[in-house]
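To start, the structure itself, in structure tokens.
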Amino acid sequence: MFIYPSLAVSADGGAQPVTEQQVLRLTEIYVTQHYGEQTAQAQKPYRVKKGGEHWVISGKPPKALGGNFRAVIGANGQLEEITHSK
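Listed below in structure tokens is the structure:
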């Protein structure tokens, strides 16, 4: 299985359900792309919940002013939503 930033694909080209570990790796890629490396690192460890066909991932709240990210990733690894609270 190969992991691309928007999809997990098996060697035969079919989409595969992603694991929690893969979701964490994808989340770091998505957060870095949207909010930068500093935010991606500062909000670790990420909190992960599996809900039906989706994974919901949120970052650790900061110690100072600011918010944290929330991402929803589909079972196939595609980013469905990403937001940041303030």
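Counted from 1, the sequence shown has number 19 at position 19 by the UniProt record's numbering; the numbering is strictly sequential. Just so you know, even glycine gets a beta-carbon here, dropped at the ideal spot from N, CA and C. Values in this document were obtained by computation on a predicted structure and should not be read as measured data.
Nearest neighbour of residue i, chosen from the options [CA to CA]
i, options, result
"F69", "Q16, H54, R47", "R47"
"P17", "H34, G77, H84", "G77"
"L26", "G67, G74, K60, P61", "G74"
"L65", "A71, V72, K86", "K86"
Straight-line gap, residue i to residue j (C-alpha atoms, nearest Å)
i, j, result
"A42", "G51", "25 Å"
"Q22", "W55", "11 Å"
"V31", "E53", "21 Å"
"E80", "I57", "12 Å"
"E28", "E20", "13 Å"
Beta-carbon contacts of residue i that lie in its chain and below 6 Å, excluding the five residues immediately before and after
i, result
"P61", "N68"
Close Cβ partners of residue i (< 8 Å) along its chain, the five nearest in sequence each way excluded
i, result
"S6", "The predicted position of S6 is uncertain, since its pLDDT is 48 and thus under 50; a value taken from the coordinates is nonetheless stated next. Cβ neighbours of S6 beyond the five flanking positions: G77, Q78, L79."
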